[in-house]
Amino acid sequence: MSNRASDGRVKLELPASSINEGFARVFAAAFAARLDPTIEEMADIKTAVSEAVTNAIVHAYPNGGGTIYITARVIGGDTLEFVIRDKGCGIMDVKQAMEPMFTTGGEERSGMGFTIMQSFMDKVTVSSQLGKGTRVRLVKRIAPRAAGGKK
Ligand SMILES: Nc1ncnc2c1ncn2[C@@H]1O[C@H](COP(=O)(O)OP(=O)(O)OP(=O)(O)O)[C@@H](O)[C@H]1O
Ligand SMILES: [Mg+2]
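Numbering-wise (my numbering), the sequence shown opens with residue 8 and increments by one.
Here is the structure:
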């Protein structure tokens, strides 16, 4: 614990603006590549991270401004962990927010972001404090592939 930088964690910090969404996707993909995921797994990871980042842009900082903090690391040699954090408005009721089709975003939102994250990742953990911000942890195991083989 004395030197956190040595745990292999990679970090990205970006202004919470939709113009930066692409960076989050590319960051997630570049990091995930080290575990040699399938094309489908890669697409799932990019989509899940992108949903969490979009939420931070749209909901956490509704008036613009703000920063999004993303970290990525490998756990146990075969599992990807992404943590997406914001210091925005927070979520009043996380359990309710994670229900399919629950949204505070009005007509243009479908309320499916958390459901998509859950279906594409093995584990989704959300913690939030009103007025302080939100932390979304996404975990996915990438099954090792036989050398030269297809999955
Ligand atoms: N980072 C966040 N900060 C504050 N509130 C959030 C955050 N992420 C999610 N929420 C709340 O949780 C709700 C559900 O999020 P979810 O991503 O499932 O759906 P959505 O963003 O409303 O719609 P969609 O993702 O389908 O466009 C949001 O409407 C919002 O109220
Ligand atoms: Mg969403």
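Virtual Cβ for every residue (Gly too), placed ideally from N, Cα, C.
Buried is the label assigned to Leu87, since at least 16 other Cβ atoms lie within 10 Å of its Cβ. In this structure, the CA atom of Ala31 is about 20 Å from the CA atom of Asp129. Per DSSP, the beta bridge partners of Ser135 are Thr141. By alpha-carbon distance to Arg80, the top candidate from Ile52, Asp14, Arg152 and Pro22 is Asp14. Residues close to ligand 2 by the beta carbon criterion (under 5 Å to any non-hydrogen atom) are, from first to last along the chain, Asn62 and Gly120.
Within its own chain, the residues whose Cβ lies closer than 6 Å to the Cβ of Lys18, once the five positions on either side in sequence are excluded, are Thr78, listed in chain order.
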